[in-house]
Amino acid sequence: MTLPVDAAAPTERRLLQSIVEVARHAFGAAASSIFLVDPDAGDLVFEAVAGEGDGQLVGSRFPAGTGIAGWVAASGQSMLVDDLRESEHFSGTAAASTGYVPNSIMAAPLFSGDACIGVLEVLDRGADGVREMADVELLDLLADQAAIGLELLTRLRATAPDQRSDKALRLLAMAESLLENARG
Amino acid sequence: MSDPPWRRPAKAYTPGVPAWGAMTSTQTLEEFAAVPMAGVSPEWAWGGADGSGVRVCVVDSGVQADHPLVGGIDRSVTTVENDAGVVEIADCAPSDRAGHGTACAGVIRSLAPKCSLSSVQVLTDGKTGSGAALLAGLSWAIDEGFDVINLSLATTRTALSARLHALVDRAYFRRCALVVSAHNRPVPSYPWSFSSVISVASHDEDDPATYYYNPAPPVEFHARGVRVPVAWPGGGTIRSTGNSFAAPHISGLCALVLGKHPWLTPFQLKTVLFLCAGNVVGRFGGAHDTPR
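Taken in sequence, the protein lines are chains A and B.
Residue 172 in full-length UniProt numbering sits at position 172 of the first sequence, with consecutive numbering throughout.
Residue 15 in full-length UniProt numbering sits at position 15 of the second sequence, with consecutive numbering throughout.
Now the structure itself:
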């Protein structure tokens with residue numbers, strides 16, 4: 001008996017979605033998103049979005065190192081930028097690829113051990129321009145919590161199917177023997 | 001012109017001979033210019049300086065050379081992995097994929113308008129970029145003999161720590177002032193936490209010239225790092241927050257100081273920065289007296 005490989009995927013999906021919902025709410029932001037680093041290609045893959053762009057973005061990719069999320073993933077440092085509309089080049093690229101041009105982006109790395117596995121991003125925070133350092137700190141805290149949740153889930157996914165199938169097989173065997181005994 | 005003593009290769013070790021001794025009774029050591037620290041003040045340190053003659057290198061995501069706030073760079077290289085899987089240095093177009101290196105270069109230029117700026121792109125590949133490329137890029141910059149290297153990066157990979165430690169110590173002894181931003185959060189990370197670098201985190205005031213000595217290291221200095229107007233690829237500016245933008249303020253300052261006093265060693269330079277910091281008591285009668 002084998003369980004599907006992605007048995008825990010819906011939970012992972014819900015966890016990621018809950019993280020971006022919390023982040024968006026905490027900052028009164030237009031949108032929040034999570035990218036995970038594709039371990040093979042190094043690409044950043046949009047995994048969850050709350051707010052602007054939530055319908056169409058999940059699954060789309062950016063090459064490693066691109067833009068603010070790329071820098072955050074590569075450097076493991078969080079970053080906050082405002083006045084992005086001032087920079088036509090950046091806005092053009094962002095607009096073309098996501099359909100939403102933010103004025104500010106705040107991004108924090110998600111760590112698993114000492115490796116950066118993704119980026120938590122918040123677009124257009126509501127509280128404008130007063131709490132920069134505190135905002136980055138809060139986003140870092142959220143990112144850490146999110147990363148721990150992801151790590152636990154990944155670990156669970158790696159170990160749980162076997163345990164569950166073992167238990168299921170044992171229960172099945174027990175039921176069969178009970179039935180046999182009952183018949184006998 | 002031959003290399004100065006601090007850049008000469010180490011002498012070969014001969015078994016049985018003390019490695020670090022000098023027979024001064026029979027051999028005269030080269031003379032050294034001393035720097036009297038008593039008169040050190042911001043005016044002494046950087047008054048009238050513009051960074052002329054100082055070579056600064058930005059190790060980051062690349063630098064867009066034609067950005068008006070960058071004003072040209074002298075050399076632009078990137079890290080590439082060859083067929084054997086070894087990371088090498090190659091000349092590249094002066095461009096920036098992420099914007100971060102351009103932002104750092106612009107801050108340095110704003111403080112030291114006449115310094116020479118170069119760029120090493122190490123953030124090119126999310127898969128292998130931050131490890132091997134960082135080591136290769138930083139190593140190249142140190143060997144090139146830049147006077148100041150700005151590294152607004154930190155790695156959390158403990159596997160890199162020993163090699164980074166050796167590398168930044170080499171920079172220190174070769175009179176390369178390595179200015180490194182502290183990680184934005186309290187996680188074990190490198191190389192900012194090593195004592196041979198000048199480590200910088202943010203304060204939240206708006207003055208680009210104000211900086212403080214941190215009384216509770218490891219991070220040694222606090223410079224402007226909140227809502228900093230920085231150059232951004234495409235030509236405009238954005239406001240950005242993070243220790244990444246505090247470090248180039250100190251890099252720029254180092255370029256100014258070294259432009260006036262090129263003989264300063266990294267530890268003397270750090271002492272000058274310490275003596276001129278906004279919260280150091282003694283010169284102006286009390287802490288937090290505005291020194292300028």
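Think of the CB as a built atom: it goes at the ideal place given N, C-alpha and C, for glycine as much as any other residue.
Predicted model, so just to flag it, every value in this text is computed and none were measured.
Short CB-CB distance (under 7 Å) between residue i and chain B
i	result
Gly76/A	yes
Asp124/A	no
Leu150/A	no
Of the listed residues the options, nearest to residue i (C-alpha basis)
i	options	result
Leu111/B	Leu153/B, Asn184/B, Ser52/B and Pro262/B	Ser52/B
Asn243/B	Val272/B, Tyr213/B, Ser202/B and Glu81/B	Ser202/B
Gly39/B	Val280/B, Leu275/B and Asn279/B	Leu275/B
Val272/B	Gly225/B, Ile198/B and Leu69/B	Ile198/B
Asn214/B	Pro113/B, Leu269/B and His222/B	His222/B
Pro266/B	Ser196/B, Val87/B and Ser118/B	Ser196/B
Cys57/B	Asp206/B, Gly106/B and Pro218/B	Gly106/B
Leu269/B	Ile238/B, Phe173/B, Pro208/B and Pro188/B	Phe173/B
Thr210/B	Val120/B, Pro42/B and Asp60/B	Pro42/B
Ala277/B	Pro262/B, Val230/B and Arg224/B	Arg224/B
Ala133/B	Ala98/B, Ala90/B, Ala171/B and Leu178/B	Ala90/B
Ala182/B	Cys115/B, Phe245/B and Ser118/B	Phe245/B
Gly76/A	Glu205/B, Thr155/B and Leu264/B	Thr155/B
Val87/B	Gly131/B, His67/B, Val63/B and Ser119/B	Gly131/B
Val63/B	Gly85/B, Asp50/B and Ala98/B	Ala98/B
Val226/B	Asp140/A, Leu120/A, Leu150/A and Val81/A	Val81/A
Pro218/B	Arg239/B, Pro188/B and Trp232/B	Pro188/B
Pro191/B	Val59/B, Asp74/B and His165/B	His165/B
Ser139/B	Leu117/B, Arg157/B and Arg163/B	Arg163/B
Residue i, enclosing alpha helix (DSSP H) - first and last residue
i	result
Ser251/B	Asn243 to Lys260
Ser161/B	Ser161 to Phe173
Ser110/B	His100 to Leu111
residue 293/B	Residue 293/B lies beyond the residue range present for chain B, which begins at 1 and ends at 292; the question has no answer from this structure.
Val54/B	Taken as a continuous stretch (DSSP letters only), Val54/B belongs to no alpha helix (DSSP H), as it is neither H nor E.
Ile89/B	Per DSSP, Ile89/B belongs to no alpha helix (DSSP H); it is in the beta strand (DSSP E), Val87 to Asp91.
Gly137/B	Leu134 to Asp143
Val180/B	Run containing Val180/B: none in the alpha helix (DSSP H); it sits in the beta strand (DSSP E), Ala177 to Ser181.
Gly67/A	Gly67 to Ser75
Glu43/B	Pro42 to Trp46
Within chain B, partners of residue i - CB distance below 8 Å
i	result
Glu132/A	Asp204, Val226, Arg227 and Thr241
Asp140/A	Asn184 and Arg185
Leu80/A	Ser240, Thr241 and Gly242
Val136/A	Asn184, Thr241 and Gly242
Contacts that residue i makes with chain A (C-beta to C-beta distance below 9 Å)
i	result
Ser61/B	Gly65, Gly70, Trp71, Ala74 and Ser75
Ala154/B	Ser75, Gly76 and Gln77
Arg97/B	Pro63, Gly65, Thr66, Gly67, Gly70 and Trp71
Inter-residue spacing [alpha-carbon to alpha-carbon] between residue i and residue j
i	j	result
Leu160/B	Leu110/A	19 Å
Pro248/B	Val70/B	13 Å
Ser152/B	Asp3/B	29 Å
Ser78/A	Val228/B	15 Å
Ala146/A	Ile34/A	10 Å
Ser251/B	Val54/B	11 Å
Gly113/A	Ala33/B	48 Å
Gly234/B	Ala103/B	12 Å
Val179/B	Arg109/B	15 Å
Thr26/B	Arg8/B	22 Å
Trp6/B	Val168/B	14 Å
Asp135/A	Ala136/B	34 Å
Arg292/B	Trp44/B	In this predicted model, Arg292/B has a pLDDT of only 46, less than 50, meaning its place in the structure is not dependable; the value taken from the coordinates is given anyway. Each residue's alpha carbon lies about 12 Å from the other.
Pro4/A	Leu253/B	Only weak support is given to the placement of Pro4/A: the predicted model assigns it a pLDDT of 42, under 50, and the value that follows is read from those uncertain coordinates. Straight-line Cα distance between these residues: approximately 59 Å.
Pro113/B	Pro208/B	14 Å
Arg170/B	Gly59/A	45 Å
Neighbour list for residue i in chain A, Cβ cutoff strictly below 7 Å
i	result
His100/B	Trp71
Continuous beta strand (DSSP E) stretch holding residue i: start and end
i	result
Ser119/B	Ser116 to Gln121
Ser60/A	Segment: none, Ser60/A is in no beta strand (DSSP E) and carries neither H nor E.
Gly118/A	Ala115 to Leu123
Pro109/A	Ile105 to Ser112
Ala81/B	The question names Ala, but residue 81/B in the sequence shown is Glu. Counting along the chain, the beta strand (DSSP E) containing Glu81/B begins and ends at Arg75 to Glu81.
Phe35/A	Ala31 to Val37
Val228/B	Val228 to Ala231
Residue-chain proximity (residue i, chain A), Cβ-Cβ < 7 Å
i	result
Ala210/B	Strictly speaking, residue 210/B in this sequence is Thr, with Ala absent from that position. Chain A, which has no Cβ nearer than 7 Å to the Cβ of Thr210/B, makes this no.
Arg109/B	no
Thr158/B	yes
Leu123/B	yes
Ala133/B	no
Cβ-heavy atom distance, residue i to the ligand ZN, below 6 Å
i	result
Pro233/B	For the ligand ZN, the structure offers nothing, since it holds no ligand at all.
Chain B contact residues for residue i, given Cβ-Cβ distances below 7 Å
i	result
Leu84/A	Ile238
Under 9 Å by beta carbon: chain B residues contacting residue i
i	result
Phe111/A	Thr156 and Val187
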